[in-house]
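>
Chains as they are written, first to last, in my numbering: chain C, 1 to 226; chain S, 227 to 672.
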């Protein structure tokens, strides 16, 4: 699936985490120009625009996205209860909305429905990388045809890494994106889980996750060597 | 709450997808003995949401005056698929024990440890542990027969065709498959004695892991017709089994015990932790060494700690501060050498943490490093140096524990009182026994 466009940049943590956990890839942009600059070749899968902090910027971006030759859809906006009135006369700028503070389950349900309605880019069922296969629908993972017996957090970590191959993540990023901010194990937890994942992947495949010295971890090959 | 739902969803889907027919619910009594009952997938959803009711009165340390029913609620994050001996996959999940109203049950050892770790967390610390688990293999586990070790090997010995070595290797592979990374595994000093060193993780997960390791070691041995034991001192005249445990605190990503400017590379936090541990060592020993037999290990001559002291390279000390490898400051840690592998790891880790935190909070002064071999000092030299001994018996340890406000607070009234009562009963049973030693020594002459 192509990534979703997210506003603002940096993306609100809860929003970012919900999309990560839901298996939706995304990229954040602060303006329409920025969005155009980082737009993937096959176009955005859709957009999630948080309008609760900076409504003006948010609706300006919506307008720009809808004014294109092929208007971008679906567009989901996030507004606070007090902003509901702002939606009036802007009906053409979005396909659906969610109330902030965000309920991750609601967001996921609405995205699912939007993608079903617009008939494109439904979330991927399978993530494959070399011998590794993840089925996001059933939460199952396998390597070289052998099922991996993962705990929940090991699964989430592997899923996050496998959906971003070649990219290096710091421990802090992994902690906030996979565990959320409220986890009390601290960044050390990431090392511990990586070690467990490698143990379970087995000696042959342990190098799927590499340690990038004094930075963090990377899944798969670095981008330039592909 | 979305994360909680996802955990549960993950477990439910996995059980369904993998065709799992039984889920073992694991928990631990106050003495660290594993308890388990199995449920079917149909009961799992309700168990995850509300917990399974059972009668706690038959479990050591769970009985109460008014209400005997408690709830076992699976901690979905600990769900793991394991292979049963017949090759089928079963689910295993650790449980928290709750009162019927959903509040944590005071007798639950996981709760005691979690509560202490939360106290550390409030001060910005996360607490990590890495134990070195020692144990013996014997040809059989019948106490009426003399014990038969499987070999006469010793430390690091490379032996041919020994079942013990094979078993240890198989155990390590099984543990790795379960996501429990092993740092080293080796033959230990005594005949048929083995050691498995686990890689550090947060103390709660590690306590769960110790329970798993003990189970896996025993089960794999049983399948080969061998008896594995974590009894602290099964054989007279050779080393006993300890569980030296490496402990560290982290503040976010940085090792809280490390200070490059200090002559020992120890921070104020590190020194306070060690000082707290030393100050309260005698009080926590009843928990780290909870059996009559534990004190047969804590004697001079077998590399077990006896004197309350710390040192960097002196292996007779109770607290050892290993040198962090160059450029590996994150591995700054201390090793507490008293615990044995038959302790309740939840309670033992909680007591070590509580003692260390106390030292940090109160700013205890770290006593000087023990430079010489303490075993060679005379009692008067030790007294002059202000170095006390660990309790010499369970009875002495219980007396120390009973007077300890720190222990009462850490364990909570329920566990504290039950533990003392139970252990006093064990001691009085033991005291009334006439041993082989006495017969051999006294019958001919007296």
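From the three backbone atoms N, C-alpha and C, an ideal C-beta is built for every residue, glycine too.
Which same chain residues, not among the five before or five after residue 594(S), have their C-beta less than 6 Å away from its C-beta?
Hits under 6 Å: none found.
> Got a sec? Which residues, its chain only, sit under 7 Å from residue 389(S) by beta carbon, not counting five neighbours each side?
The residues are 376, 450 and 452.
> How far does the beta strand (DSSP E) with residue 471(S) in it extend, from its first residue to its last?
Residue 471(S) -> beta strand (DSSP E) spans 471-477.
> Can the beta-carbon of residue 629(S) be found less than 9 Å from the beta-carbon of residue 556(S)?
Result no, Cβ atoms of residue 629(S) and residue 556(S) do not sit closer than 9 Å.
> Could you work out which residues of chain S lie near residue 195(C), taking near to mean beta carbons separated by less than 8 Å?
407 and 425, listed in chain order.
> Output yes or no for whether 9 Å exceeds the beta carbon distance between residue 441(S) and residue 357(S).
Contact: no.
> I want to verify the contact list: residues of chain C whose CB lies under 8 Å from the CB of residue 557(S), in sequence order.
Chain C residues near residue 557(S): none, gap ~11 Å exceeds 8 Å.
> So residue 21(C) contacts chain S; which residues on that side make the cut at Cβ distance below 7 Å?
Near residue 21(C) (Cβ distances below 7 Å), the residues of chain S are 232.
> So with CB distances below 8 Å, who are the chain S contacts of residue 128(C)?
Correct list: empty, because the minimum Cβ distance to chain S is about 18 Å.
> Which residues in chain S have a C-beta closer than 7 Å to the C-beta of residue 168(C)? List them in chain order.
Neighbours of residue 168(C) on chain S: none; closest Cβ ~16 Å, over 7 Å.
> Sorted by chain position, which residues of the same chain lie with C-beta nearer than 7 Å to residue 142(C)'s C-beta, five sequence neighbours on each side aside?
Excluding sequence neighbours, residue 142(C) sits near 133 and 148.
> Could you work out which residue in 187(C), 45(C) and 89(C) is closest to residue 76(C) when comparing CA atoms only?
If we check each option's Cα against that of residue 76(C), 45(C) comes out closest.
> Here's the rule: buried if 16 or more other CB atoms are within 10 angstroms of the residue's CB, otherwise exposed. What is residue 463(S)?
Its Cβ having fewer than 16 others within 10 Å, residue 463(S) is exposed.
> To be precise: take each residue of the stretch 5-34 of chain C, compare its Cβ to all Cβ atoms of chain S, and keep it if any distance is under 7 Å. Which residues remain?
Listed by position along the chain: 21.
> Does residue 139(C) have its Cβ less than 9 Å from a Cβ in chain S?
Yes, residue 139(C) counts as interfacial toward chain S.
> Starting from residue 163(C), find everything on chain S with Cβ-Cβ shorter than 8 Å and list it in chain order.
Within 8 Å Cβ-Cβ: nothing; residue 163(C) doesn't reach chain S, min ~16 Å.
> Do you know whose CA, among 543(S), 370(S) and 515(S), lies nearest residue 527(S)'s CA?
Comparing Cα-Cα distances from residue 527(S) to each of 543(S), 370(S) and 515(S), the minimum goes to 543(S).
> Which residues in chain S sit within 8 Å of residue 199(C), going by Cβ to Cβ distance?
Within chain S, the residues near residue 199(C) are 402, 403, 405, 406 and 407.
> Assuming residue 102(C) and residue 178(C) make a contact with CB atoms under 8 Å, what is their CB distance in whole Å?
Not a contact, Cβ separation roughly 18 Å.
> Under 9 Å between the Cβ atoms of residue 287(S) and residue 536(S)?
No; because the gap between Cβ atoms is not below 9 Å, this pair is not in contact.
> Residues bridged to residue 143(C) by DSSP?
For residue 143(C), which the question treats as bridged, DSSP gives the partners 132(C) and 146(C).
> Hey, out of 335(S), 471(S), 670(S) and 310(S), whose CA is closest to residue 285(S)'s CA?
Answer by Cα proximity: 335(S).
> Kindly indicate which residue of 428(S), 511(S) and 409(S) has the alpha-carbon position closest to the one of residue 533(S).
When each option's Cα is compared against that of residue 533(S), the closest is 511(S).
> Which bits of chain C does residue 302(S) rub up against, with CB to CB less than 8 Å?
In chain order: 152.
> Below 8 Å, how does it come out for the stretch 516-524 of chain S and the stretch 602-610 of chain S: are there three or more Cβ pairs, yes or no?
Segments in contact, no.
> Is there at least one Cβ from chain S nearer than 9 Å to residue 125(C)'s Cβ?
So no, residue 125(C) is outside the interface.
> What residue range does the beta strand (DSSP E) around residue 517(S) cover?
Taken as a continuous stretch (DSSP letters only), residue 517(S) belongs to no beta strand (DSSP E), as it is neither H nor E.
> Just checking, does the stretch 302-322 of chain S make contact with the stretch 244-251 of chain S on the three C-beta pairs under 8 Å criterion?
Taking 8 Å as the limit for Cβ pairs, the verdict is that the stretch 244-251 of chain S does touch the stretch 302-322 of chain S.
> Would DSSP call residue 662(S) helix, strand or coil?
Of the three classes helix, strand and coil, the one that applies to residue 662(S) here is helix, per DSSP.
> Taking residue 281(S) as the reference, give the member of 261(S), 267(S) and 269(S) with the closest Cα.
Closest by alpha carbon: 261(S).
> Taking the alpha-carbon of residue 18(C) as reference, which of 63(C), 31(C) and 4(C) has the nearest alpha-carbon?
The option with the nearest alpha carbon to residue 18(C) is 4(C).
> Could you check the C-alpha separation between residue 590(S) and residue 332(S) for me, to the nearest Å?
Cα-Cα distance, rounded: 30 Å.
> Can you tell me whether residue 226(C) is helix, strand or coil according to DSSP?
With a pLDDT of 43 at residue 226(C), under the threshold of 50, the modelled position of this residue cannot be trusted; read the value that follows with caution. Coil at residue 226(C), not helix or strand.
> Go through its chain and collect everything with a Cβ distance to residue 503(S)'s Cβ below 7 Å, but skip five positions before and after it.
Hits under 7 Å: 545, 562, 578, 581, 582 and 585.
> Checking contacts by CB at 9 Å: is residue 306(S) closer than that to chain C?
Yes, contact with chain C.
> Could you tell me whether the stretch 296-303 of chain S touches the stretch 203-220 of chain C, where touching means 3 or more Cβ pairs closer than 8 Å?
Verdict: no, contact absent.
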